[in-house]
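All remarks here apply to the structure that follows.
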Amino acid sequence: MSAAPHFNKIALIGFGLIGGSIARAAREQGLAGEIVTTARSARTRARVAELGIVDRVVETNVEAVKDADLVILCIPVGACGPVAQEIAAHLKPGAIVSDVGSVKGAIVRDMAPHLPEGVHFVPAHPVAGTEHSGPDSGFAELFINRWCILTPPAGVDPGAIERLRAFWTALGARVEIMTPDHHDLVLAITSHLPHLIAYTIVGTADELAQVTSSEVIKFSAGGFRDFTRIAASDPTMWRDVFLANKDAVLEMLGTFNEDLSKLTRAIRRNDGEALFEHFTRTRAIRRGIVEIGQDSAAPDFGRPHAHLGKKA
Ligand SMILES: NC(=O)C1=CN([C@@H]2O[C@H](COP(=O)(O)OP(=O)(O)OC[C@H]3O[C@@H](n4cnc5c(N)ncnc54)[C@H](O)[C@@H]3O)[C@@H](O)[C@H]2O)C=CC1
Ligand SMILES: O=C(O)C(=O)Cc1ccc(O)cc1
1 MSAAPHFNKI
11 ALIGFGLIGG
21 SIARAAREQG
31 LAGEIVTTAR
41 SARTRARVAE
51 LGIVDRVVET
61 NVEAVKDADL
71 VILCIPVGAC
81 GPVAQEIAAH
91 LKPGAIVSDV
101 GSVKGAIVRD
111 MAPHLPEGVH
121 FVPAHPVAGT
131 EHSGPDSGFA
141 ELFINRWCIL
151 TPPAGVDPGA
161 IERLRAFWTA
171 LGARVEIMTP
181 DHHDLVLAIT
191 SHLPHLIAYT
201 IVGTADELAQ
211 VTSSEVIKFS
221 AGGFRDFTRI
231 AASDPTMWRD
241 VFLANKDAVL
251 EMLGTFNEDL
261 SKLTRAIRRN
271 DGEALFEHFT
281 RTRAIRRGIV
291 EIGQDSAAPD
301 FGRPHAHLGK
311 KA
């Protein structure tokens, strides 16, 4: 494993769940001489300054990236293209420019054309998070034992990729490299579709509750309760994810709808055998995930997010 890297200046564009977690972890691990972040509103800047995690919080993205060796965009996917355009002329030659967006193809298409020769563009996606957002939601342990996927475009300096890999490794993550398109297909089924299903089912239950004046929320135990957590995720972030990963999500939705139809038919036909077989197969999949230690969103750190580490 490569040694922990050191950057003279890290610039974080956006200080929400992910930016705030990177700042906390990078500071704890001593990965930066200086960490500078942006926050758009005066209120958030005041709160970030009060938290005391970063060295400076500034108003403009241009000011933040000046002389930075590592620039990470920690903002909604749809904002990355315009911000890349805004900062392009102010980036230090040799700087590594990265992001944390949940979609990668659109990020590469939106950001790459703006970035000048001489900066190293290495997109990244830490596959770790919660339903919370904003400057208070981050925590240093978020990335421990979670994957971080890098999707460097062809021709990017291998040294820059290795430096970013070492950065994420130092934050506790396991790093894997893949193409943006492969990333988007895999994440469409493992992350994006589950969020869409949660948004759907919570909305459906709410409508039903209103129409029937029934106690859906009161009796929301077990499965439904888990869906409400996911469906509480940030609306701006998820709007951008579905618009940016439209093709892969629609492809996975097509397959999902076919499989849902098969289960619907099995119920209608009282086909207990088909239902039992299907549930047995999915139970084995879950048990396989648990065995290889991929079951929890984060270990139990005894903090407000501890529920994420709960074992089944
Ligand atoms: N929330 C999660 O669980 C995860 C999120 N991601 C990705 O991380 C990125 C950030 O998400 P979070 O930290 O959760 O969001 P957040 O809502 O907690 O923070 C986003 C920050 O970006 C700022 N921002 C929004 N538009 C901006 C713009 N045009 N210019 C400058 N700043 C802007 C907001 O003011 C806020 O401070 C997203 O791209 C998301 O897809 C990746 C992994 C997990
Ligand atoms: O809160 C949860 O369960 C998540 O799934 C968090 C999450 C959201 C978006 C990502 O791109 C990665 C992880």
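Here the sequence shown stands for residues 1 to 312, where the numbers follow the UniProt record's numbering. A virtual CB, placed ideally from N, CA and C, is assigned to each residue, including glycine. Predicted model, so just to flag it, every value in this text is computed and none were measured.
- Between ligand 2 and P194, a heavy atom-to-CB distance of less than 8 Å is present.
- In the DSSP assignment, F219 falls outside any beta strand (DSSP E) and carries neither an H nor an E.
- Secondary structure within the segment 32-66: the alpha helix (DSSP H) runs of 4 or more consecutive residues, fully enclosed, are 42-51, 61-65 (chain order).
- Three or more pairs of CB atoms, one per stretch, sit closer than 8 Å, so the segment 128-135 contacts the segment 220-233.
- With a cutoff of 8 Å, I230 counts as near ligand 2, since its C-beta is closer than that to a heavy atom of the ligand.
- Less than 9 Å divides the Cβ of L17 from the Cβ of L142.
- Contact annotation: the segment 77-96 does not touch the segment 42-57, with fewer than three C-beta pairs closer than 8 Å.
- Under the three-state reduction of DSSP output, E291 falls in the helix class.
- Counted as a single uninterrupted DSSP element, the alpha helix (DSSP H) harbouring N257 occupies residues 246-268.
- I161 is positioned such that its CB atom lies closer than 9 Å to that of V122.
- Not a single heavy atom of ligand 2 lies less than 8 Å from the C-beta of A25.
- DSSP, read as helix, strand or coil, puts V156 in coil.
- In the structure shown, the three-state DSSP call for R24 is helix.
- Set against 8 Å, the gap from the CB of P123 to the closest heavy atom of ligand 1 is not smaller.
- Per DSSP, reduced to three states, the secondary structure at H132 is coil, with no helix or strand assignment.
- A distance of 9 Å or more separates the beta carbons of I144 and A124.
- The alpha-carbon separation between K66 and K9 amounts to approximately 9 Å.
- The DSSP-derived three-state label of C74 is coil.
- Here the segment 180-199 lies against the segment 99-112, with 3 or more beta-carbon pairs under 8 Å apart.
- Considering only D136, L91, D110, the residue with the shortest C-alpha distance to G19 is D136.
- Put simply, the backbone Cα of A166 is about 10 Å away from that of R174.
- Boundaries of the alpha helix (DSSP H) around L185: 180-187.
- According to the DSSP assignment, P126 belongs to the beta strand (DSSP E) that extends over 124-126.
- M252 places its beta carbon 9 Å or farther from that of A170.
- Cβ-Cβ distances below 6 Å link F7 to A32, D69, L70 in the same chain, with the five nearest sequence neighbours on each side left out; the list follows chain order.
- Under the DSSP assignment, E176 falls in the beta strand (DSSP E) whose first and last residues are 174-177.
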